[in-house]
Amino acid sequence: MSRYVSKLVDSLSDDSMGMGGMGMGPTKGTTNNVNYNNDSNQRFVLRPCPADPNLTLIHPRGYPVDAPPLYTVIISSDKVSLYRGYINPAGLIGTTSTSSVSHSAALTVHNQKIPMKMNQLSLSFSFQWPPAGTLKWKADQLTGSSLELSDGSGRKLAKLKSSSGMMGSGEKGFEINVACDEQFLNLIILSGLAAKVGTKKNNEAASEVIQAIVGS
C-alpha cells in the first residue's frame, strides 16, 4: 500500500515544482493574472468507500480503490464535507451547505467563506475567487448530467462527469484542465460537489412542482 502513497507524493511534488503565482502553474496563456496550462490535465475518480457506503473516495485516475485516497467526502442532502486523505479532524479541508430556498450555497475552504449563487434559468452556480475572478459551474449542454467550470472569459477549467465516457468504466470524476496548486484544486473539488448537490436539489424541487400540477 505504501507504494501508492509514495507515488502520490511524488506526483504532487512534481506538480509543485512548476507552480507560479497564486493557485496556478507556469504556462502558455494568462487570464485575470492566472496562468493556464492546458497540457497539464489531471483526472480524479469518485468511488464509494468499500468499508462504508456513506463515504466517497477520490483517487487519481488509475489508482486501485484500496489505495489511500487523495480525498474522502461525506455527502448529505444539503451538505458536503471534504477531507484530505482518510477522515480525521485535522484533515478537514472545507464544507458546503446548500439552500433550495435562497438558491445558494455557502463554501468554507480553509476557514475562508465563499458564497455561491445559483441562477435557476441557466442552472449555474457562480462564485468569486480573487486569483481567477468569477468562476461558474454549469450543466454541460451536451450531456446535461455533467457540470463544467469556466472562468469569466468562458475558458473551461474543469468538468465533473457523472456518466461513463472519457473517465472510463462509467466512473464519475473530475477532469482538471489547468495546472493548479493544492489550494485551488481543493476549491475546484469542493465547489463542484456543492454545485452537484445544489443541482440535484433543484431538480427534485422542480419535479415535485410538476407532479403537484399534474396531480391537481
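Basically our numbering = 1-based index in the sequence shown + 8.
Every residue gets a Cβ at the ideal spot worked out from N, C-alpha and C, and that includes glycine.
None of these values were measured; they are calculated from a predicted model.
The C-beta of Leu129 has fewer than 16 other C-beta atoms within 10 Å across all chains shown, which makes the residue exposed. According to the DSSP secondary-structure assignment, Ala166 is paired through a beta bridge with Leu157 and Ile184.
His67 sits buried, since 16 or more C-beta atoms from the chains shown fall within 10 Å of its C-beta. When DSSP states are grouped into helix, strand and coil, Ile95 belongs to the coil group. In the DSSP assignment, Asn62 falls outside any beta strand (DSSP E), carrying neither H nor E. According to DSSP, residue pairing for Gly141 in a beta bridge involves Trp137. Taking C-beta atoms as the reference points, Thr106 and Ile83 fail to come closer than 8 Å. Gly206 carries a helical assignment under DSSP once its states are collapsed to helix, strand and coil. A distance of 8 Å or more separates the beta carbons of Ser199 and Met126.
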